[in-house]
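*Asks:*
Chains as they are written, first to last, in this note's numbering: chain A, 44 to 353; chain B, 734 to 992.
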């Protein structure tokens with residue numbers, strides 16, 4: 044079943060800015076879906092329309108088959124949303140915030156209190172449940188917004204940059220939590236500027252640029268569209284100049300670091316053999332840039348229209 | 734259908750309880766100021782100046798102004814609660830908690846109005862207790878008291894809601910109370926009987942809805958009114974219905990809330 048079906052979605056603001064220019068997007072039930080795009084591409088507008096915080100100009104949206112123009116309440120009941128900007132009542136406690144949120148969805152207080160304990164514990168906030176929201180750290184506030192969005196146990200969870208400004212350790216624990224949630228059956232749509240995050244978590248991806256979907260595909264297929272990949276090799280002994288190996292683009296970044304561009308039809312074994320033959324020993328290796336970042340930059344052409352890499 | 738009704742009832746209760754929690758959390762801003770102001774009015778207008786005024790409309794002046802002062806507190810607090818709470822939720826963006834939920838707009842309006850009515854009644858009760866320290870308040874007609882105070886609180890909660898919807902900053906939350914609500918209240922027969930006014934001023938006063946509210950309420954206590962009480966209740970019911978329709982329309986359109 045389609046968790047989200049967006050067809051011909053247009054948003055034109057009163058000032059004439061056309062934020063969405065006929066967006067078509069489908070997210071299947073159970074998916075972990077990445078929605079990427081540069082700032083101002085239309086991601087938050089799209090999410091805003093799905094959650095009825097922004098009014099659409101044209102087009103249709105169905106959430107688990109419920110058309111938002113016909114069955115808005117049923118559609119809303121299926122969605123949990125974690126917005127990009129903090130929207131907590133700073134003078135309420137985490138427990139009050141999540142219990143009230145459940146109340147807005149018609150969940151009785153007794154059940155709401157049980158769920159509050161469950162989700163605040165899972166997101167490591169239970170011991171902070173009586174603190175004012177304004178006294179929580181940025182990471183805690185983000186996690187509180189996730190707990191709040193889960194209180195009515197939505198079938199579709201939309202996360203708009205949930206890990207922005209969160210340290211690496213907490214970000215990793217949030218990833219684990221979201222993975223478990225997805226495995227348990229919740230469909231998740233994620234927007235993020237951390238492309239490593241999208242690559243690590245999501246199975247399908249759409250890239251939006253200037254109000255249009257530039258690409259929508261399976262994550263693995265999109266990454267396969269890369270024709271070359273760049274690596275940085277750390278060397279045991281310094282070099283004065285870059286070696287030359289046929290079929291590989293090599294350049295010396297510094298005396299102990301060699302950059303290599305490898306095309307998809309070649310393997311690295313051959314390169315290592317040739318380098319060993321010249322007495323060059325590689326100590327370690329890492330990707331120069333995140334693979335998804337490379338795809339993203341190719342799709343989102345800052346100077347003109349969005350282009351797909353050849 | 735029953736499940737939907739129950740869910741909406743829980744949603745309504747949640748908004749009202751949240752508002753109640755806010756009223757209690759900041760009681761120094763919500764309850765105390767009106768009680769202190771009322772006490773000052775009783776000391777100055779009642780004890781110091783009132784003793785020189787003597788009687789108004791056949792009753793002791795302190796007794797005469799007591800229902801008006803209670804009503805004044807109800808009006809300003811019901812209005813202020815909804816306008817500031819709704820605008821605060823909009824400003825801090827946590828109104829989105831309600832906006833993304835399946836609660837229909839009419840429940841959201843009623844929930845906020847419920848909070849305003851609650852504060853209006855709480856402060857009204859506090860001012861009543863203070864007035865009893867200064868004067869004796871007879872009770873002539875209980876239903877008039879209850880209906881008048883409830884309808885007045887509803888009307889001004891709805892008006893505060895509309896103000897909260899339109900307000901773009903905190904100044905705009907205060908404009909209406911300062912430049913419209915306060916003059917209407919002071920010229921609404923709280924401190925005097927309109928029978929003291931010249932004909933043109935008396936006629937003009939009938940256009941002031943606060944005059945009808947204060948007098949219907951005063952009638953419940955003292956059995957005296959400058960206006961027709963049945964007409965006063967009709968004005969309140971029609972005002973509430975019109976303001977509710979406006980508030981709901983604004984919410985449906987997303988005025989001040991959605992781009």
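Each residue gets a CB set at the ideal place from its N, CA and C atoms; glycine is no exception.
(1) Report yes or no: do three or more beta-carbon pairs, one from the segment 814-827 of chain B and one from the segment 126-144 of chain A, lie closer than 8 Å?
(2) Could you pull the DSSP bridge partners for residue 248 of chain A from this structure?
(3) According to DSSP, is residue 788 of chain B helix, strand or coil?
(4) Using a C-beta to C-beta distance shorter than 7 Å, which residues of chain A count as neighbours of residue 987 of chain B?
(5) Ordered along the chain, which non-local residues of its own chain (more than five positions away) have a Cβ less than 8 Å from that of residue 172 of chain A?
(6) Can you name, in chain order, every residue of its own chain whose Cβ lies under 6 Å from the Cβ of residue 939 of chain B, other than the five neighbours on each side?
(7) Would you mind giving the Cβ-Cβ distance between residue 803 of chain B and residue 850 of chain B, rounded to the nearest angstrom? I have them listed as a contact below 8 Å.
(8) Between the segment 977-991 of chain B and the segment 882-901 of chain B, are three or more C-beta pairs nearer than 8 Å?
(9) What do you reckon, are the CB atoms on residue 121 of chain A and residue 191 of chain A nearer than 7 Å?
(10) Cβ closer than 7 Å: which chain B residues qualify as neighbours of residue 124 of chain A?
(11) For residue 89 of chain A, which of A:106, A:66, A:77, A:81 has the nearest alpha-carbon?
(12) Just to check my reading of the structure: residue 48 of chain A and residue 248 of chain A have Cβ atoms closer than 8 Å, yes? What is that Cβ distance to the nearest angstrom?
(13) With which residues is residue 124 of chain A paired in a DSSP beta bridge?
(14) Go ahead and label residue 857 of chain B buried or exposed: buried means 16 or more other beta carbons lie within 10 angstroms of its beta carbon, across all protein chains shown.
(15) Do residue 969 of chain B and residue 884 of chain B have their CB atoms nearer than 7 Å?
(16) Whole angstroms are fine: how far does the CA of residue 985 of chain B sit from the CA of residue 966 of chain B?
(17) Could you tell me if residue 716 of chain B is buried or exposed, where buried requires 16 or more neighbouring beta carbons within 10 angstroms of its beta carbon?
(18) Check whether chain B comes within 7 Å of residue 166 of chain A, counting only Cβ atoms and requiring the distance to be less than that.
(19) Is it right to say residue 945 of chain B is buried, meaning 16 or more other beta carbons lie within 10 angstroms of its own, or is it exposed?
(20) Buried or exposed for residue 810 of chain B, please, with buried defined as at least 16 other CB atoms from any protein chain shown within 10 angstroms of its CB.
(21) Please list the terminal residues of the continuous alpha helix (DSSP H) segment that includes residue 49 of chain A.
(22) Leaving out five residues before and five after residue 847 of chain B in sequence, what residues of the same chain have Cβ atoms less than 6 Å from its Cβ?
(23) Ignoring anything shorter than 3 residues, give me the beta strand (DSSP E) runs that lie fully in the segment 281-346 of chain A, in order along the chain.
(24) By Cβ distance below 6 Å, which residues in the same chain neighbour residue 836 of chain B in space, the five residues on each side in sequence not counted?
(25) Please report whether the beta-carbon of residue 827 of chain B lies at a distance below 7 Å from any beta-carbon of chain A.
(26) Any beta carbon of chain A sitting closer than 7 Å to that of residue 813 of chain B?
(27) Residue 899 of chain B and residue 989 of chain B: beta carbons closer than 7 Å?
(28) Rank A:240, A:183, A:144, A:231 by C-alpha distance to the C-alpha of residue 194 of chain A and give the top, closest one.
(29) Work out the CA separation of residue 341 of chain A and residue 350 of chain A for me, nearest whole Å.
(30) When the cut-off is 7 Å and only beta carbons count, does residue 371 of chain A lie next to chain B?
(31) Please report how far the alpha carbon of residue 54 of chain A lies from the alpha carbon of residue 151 of chain A, in whole angstroms.
(32) Could you tell me the alpha carbon to alpha carbon distance between residue 763 of chain B and residue 757 of chain B, rounded to whole angstroms?
(33) Would you kindly work out how many angstroms separate the C-alpha atoms of residue 793 of chain B and residue 952 of chain B, rounded to a whole number?
(34) Between residue 779 of chain B and chain A, is the shortest Cβ-Cβ distance under 7 Å, so that the two count as touching?
(35) From the DSSP output, which residues share a beta bridge with residue 64 of chain A?
(36) Quick check on residue 747 of chain B - is its C-beta less than 7 Å from some C-beta in chain A?
*Replies:* Answer, in terms of the structure:
(1) yes
(2) A:77, A:260
(3) strand
(4) 98
(5) 136, 137, 138, 159, 163
(6) none
(7) Not a contact, Cβ separation roughly 15 Å.
(8) yes
(9) no
(10) 833
(11) A:66
(12) No, residue 48 of chain A and residue 248 of chain A are not in contact; Cβ-Cβ is about 17 Å, not under 8 Å.
(13) A:201
(14) buried
(15) yes
(16) 28 Å
(17) No answer is possible for residue 716 of chain B: it lies beyond the span of chain B, which begins at 734 and ends at 992.
(18) no
(19) buried
(20) buried
(21) Run containing residue 49 of chain A: none in the alpha helix (DSSP H); it sits in the beta strand (DSSP E), 45-55.
(22) 749
(23) 292-297, 300-306, 325-330
(24) 744
(25) yes
(26) no
(27) yes
(28) A:144
(29) Summary for residue 350 of chain A: the model assigns pLDDT 39, below 50, so the residue's position carries little reliability; its value from the coordinates is reported in the next sentence. Approximately 7 Å between the Cα atoms of the pair.
(30) Here chain A has residues from 44 to 353 only, and residue 371 of chain A is not among them.
(31) 37 Å
(32) 8 Å
(33) 15 Å
(34) no
(35) A:53
(36) yes
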